[in-house]
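One structure is given below, encoded as structure tokens.
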Amino acid sequence: MKIVISAEGTDLEAKVAHKFGTSQYFVIVDLDSNDFEAVPNPGASGQRGAGMQAVVLAISKDAKAVLTGYCSPATCSQLKANGIEVLTGLSGTVRDVMEKYKESSLQKRMEVGAKPETSGSQVNKVALAQAFKSSAKQFVNMLPILVGVVLLIGLFNIFIPKDFLASIFSGNLALDALWGVCFGSILAGNSINSYVIGGDLSNHGVSLFAVTAIIITWVTVGLVQLPAEIAALGKKFALLRNALCFTISIPIAILTVAILNII
Amino acid sequence: MLVIYGILFATIPDKASAALKSSSNIFLNILMPLSLVFAFMLILNLLLKPVHIVKFLGTKSSIKGFLLSATAGIISMGPIYAWYPLLKELREKGAGLFPIAVFLYCRAVKPFLLPIMISYFGWQYVIILTVLTVLGSIAIGYFLSILIEVKDAS
Numbered sequence: 001m002k003i004v005i006s007a008e009g010t011d012l013e014a015k016v017a018h019k020f021g022t023s024q025y026f027v028i029v030d031l032d033s034n035d036f037e038a039v040p041n042p043g044a045s046g047q048r049g050a051g052m053q054a055v056v057l058a059i060s061k062d063a064k065a066v067l068t069g070y071c072s073p074a075t076c077s078q079l080k081a082n083g084i085e086v087l088t089g090l091s092g093t094v095r096d097v098m099e100k101y102k103e104s105s106l107q108k109r110m111e112v113g114a115k116p117e118t119s120g121s122q123v124n125k126v127a128l129a130q131a132f133k134s135s136a137k138q139f140v141n142m143l144p145i146l147v148g149v150v151l152l153i154g155l156f157n158i159f160i161p162k163d164f165l166a167s168i169f170s171g172n173l174a175l176d177a178l179w180g181v182c183f184g185s186i187l188a189g190n191s192i193n194s195y196v197i198g199g200d201l202s203n204h205g206v207s208l209f210a211v212t213a214i215i216i217t218w219v220t221v222g223l224v225q226l227p228a229e230i231a232a233l234g235k236k237f238a239l240l241r242n243a244l245c246f247t248i249s250i251p252i253a254i255l256t257v258a259i260l261n262i263i
Numbered sequence: 001m002l003v004i005y006g007i008l009f010a011t012i013p014d015k016a017s018a019a020l021k022s023s024s025n026i027f028l029n030i031l032m033p034l035s036l037v038f039a040f041m042l043i044l045n046l047l048l049k050p051v052h053i054v055k056f057l058g059t060k061s062s063i064k065g066f067l068l069s070a071t072a073g074i075i076s077m078g079p080i081y082a083w084y085p086l087l088k089e090l091r092e093k094g095a096g097l098f099p100i101a102v103f104l105y106c107r108a109v110k111p112f113l114l115p116i117m118i119s120y121f122g123w124q125y126v127i128i129l130t131v132l133t134v135l136g137s138i139a140i141g142y143f144l145s146i147l148i149e150v151k152d153a154s
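Here the protein sequences come in this chain order: A and B.
Counting from 1, position 76 in the first sequence corresponds to residue 76 in our numbering; the numbering is continuous, with no gaps.
Counting from 1, position 23 in the second sequence corresponds to residue 23 in our numbering; the numbering is continuous, with no gaps.
See below:
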């Protein structure tokens, strides 16, 4: 059975780190064999999603319990939802905490609702409130850019002559789709903006081939976030993936409109 | 954007007012679909947690792996850069290129935004594009796996 202990160092004499999500290291101890390993916490810098990364790590190590000083309610509930026991309020060295846990004395004194939740979502008031809070946050985050886009479209509708769009999107199927793919690859952000922009372009007579190409590449090709993708998944993967997505978006756009026309 | 509108209202109020009216019309058109978007977001947040999505991506078997990766991409929310650390973690733990490529491509399908898309383009268009996007993700995953494996072998 493995347990994860938040730690300030990489050995059993290290102090237990107070915060689980932003702990520098995790010491993972196999209580059956007494073997241990120290893993740097990918979310140690405290960036967004740090707690989540720690949860993923605990799950991937097949841990049965997390021992720490403090664990945020959200992280705690994620761990418990995955059957991982959470013990908080701990301090001292990793070895002390581990030994105490082994003796099971801590288990009785400090257990924080140890029973894992059953699978499937139990819709209760707390979960509903949390979901409402998350949704409201996501919704509010989406709004400023959406408002900006809509205001920009208003300006576009009044100030840009329709001939200008016609000069770019000439009605040539392949060229329109190519322009659309280029446009969508450069722009990024929430895809709701691509629908609003695409809808407006369509109202201005821009072909559905181009609009579809914009909508597909808006999410699938990301020149703006390419450096982040390279850093996370490697240069080869990121460049090839974006190139492939760019290329395949043209036939997908053409096929979509062709099938729609047939129907 | 507000500064631009301010300058325009001071210099050419007629056109600025027309632009604002045009924007207001767009807002009115998307108001109802937007409220549905919120409802869909609430349902997804209530029923799904990021951990479930990560588990989906970790599945090894091919057909099941594809279905779960595609589902994970479709139901994932939030900006893509928030997902990169998790994808990196999965990759380091041995997750294949195929599921990650499928996940990234299927993010183009956004169930909670469908009301907006349908209001602009109609449900037939949305269904066709959704199906082709999911099929396209297979092609991307397949070619990417082959190309990178060939490169690594050479």
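Just so you know, even glycine gets a beta-carbon here, dropped at the ideal spot from N, CA and C.
As the structure is a prediction and not an experimental result, all values here were calculated from the model.
Residue nearest to Gly-136 (chain B) within the set B:Ala-70, B:Leu-36 and B:Leu-147 is B:Ala-70 (criterion: CA-CA distance). At a cut-off of 9 Å between beta carbons, Ser-24 (chain B) contacts chain A. Neighbours of Lys-15 (chain B) in chain A, taken as residues at a C-beta separation under 8 Å, are given in chain order as Ile-158 and Phe-159. Residue environment analysis places Asp-176 (chain A) among the buried positions, since at least 16 neighbouring C-beta atoms fall within 10 angstroms of its C-beta.
Annotated three-state conformation of Val-109 (chain B) is coil, per DSSP. At least one CB atom of chain B sits nearer than 9 Å to the CB of Ser-135 (chain A). In chain order, Leu-208, Phe-209 and Thr-212 place their CB closer than 7 Å to the CB of Val-257 (chain A), counting only its own chain and leaving out the 5 sequence neighbours on each side. A straight-line Cα-Cα distance of about 8 Å links Ile-230 (chain A) and Lys-236 (chain A). Annotation: the continuous alpha helix (DSSP H) that includes Val-94 (chain A) extends over 94 to 102.
Under a criterion of Cβ atoms nearer than 7 Å, the residues of chain A adjacent to Met-77 (chain B) are, in order, Gln-138. Excluding five sequence positions before and after Leu-178 (chain A), the CB atoms of its chain that fall closer than 7 Å to its own CB belong to Ile-250, given in chain order. Comparing alpha carbon positions, the residue from B:Phe-27, B:Leu-129 and B:Leu-113 closest to Leu-42 (chain B) is B:Leu-113. As the crow flies, the alpha-carbon of Leu-132 (chain B) is around 23 Å from that of Leu-223 (chain A). Listed as beta-bridge partners of Ala-7 (chain A) by DSSP are A:Val-16 and A:Tyr-25. Only residues of its own chain outside the window of five on either side were considered, and among them Gln-53 have a CB closer than 6 Å to the CB of Pro-42 (chain A), listed in chain order. Ile-3 (chain A) is a Cβ neighbour of Tyr-101 (chain A), given a cutoff of 9 Å.
Judged by DSSP secondary structure, Lys-236 (chain A) falls within the alpha helix (DSSP H) whose first and last residues are 235 to 262. Rounded to whole angstroms, Ala-44 (chain A) and Thr-68 (chain A) show a C-alpha spacing of 14 Å. When 9 Å is used as the limit between beta carbons, Phe-132 (chain A) is near these residues of chain B: Leu-42, Asn-45 and Leu-46, in chain order. Look at Val-66 (chain A): its C-beta is not under 9 Å from any C-beta on chain B. Shown here, Pro-42 (chain A) sits in coil according to DSSP, grouped into three states, outside any helix or strand. For the set A:Ser-134, A:Leu-151 and A:Ala-253, the Cα lying nearest the Cα of Gly-6 (chain B) is the one of A:Leu-151. Contact between Ala-101 (chain B) and Leu-144 (chain B) holds: their C-beta atoms lie close to 5 Å from each other, under 8 Å. With the criterion set as a beta carbon lying under 9 Å from some beta carbon of chain B, the segment 15 to 29 of chain A has no members that meet it. Sixteen is the threshold: since fewer than 16 other Cβ atoms of the shown chains lie within 10 Å of the Cβ of Gln-124 (chain B), the residue is exposed.
The three-state secondary structure of Lys-64 (chain A), taken from DSSP, is strand. A Cβ-Cβ contact shorter than 9 Å links Val-196 (chain A) with Ile-153 (chain A).
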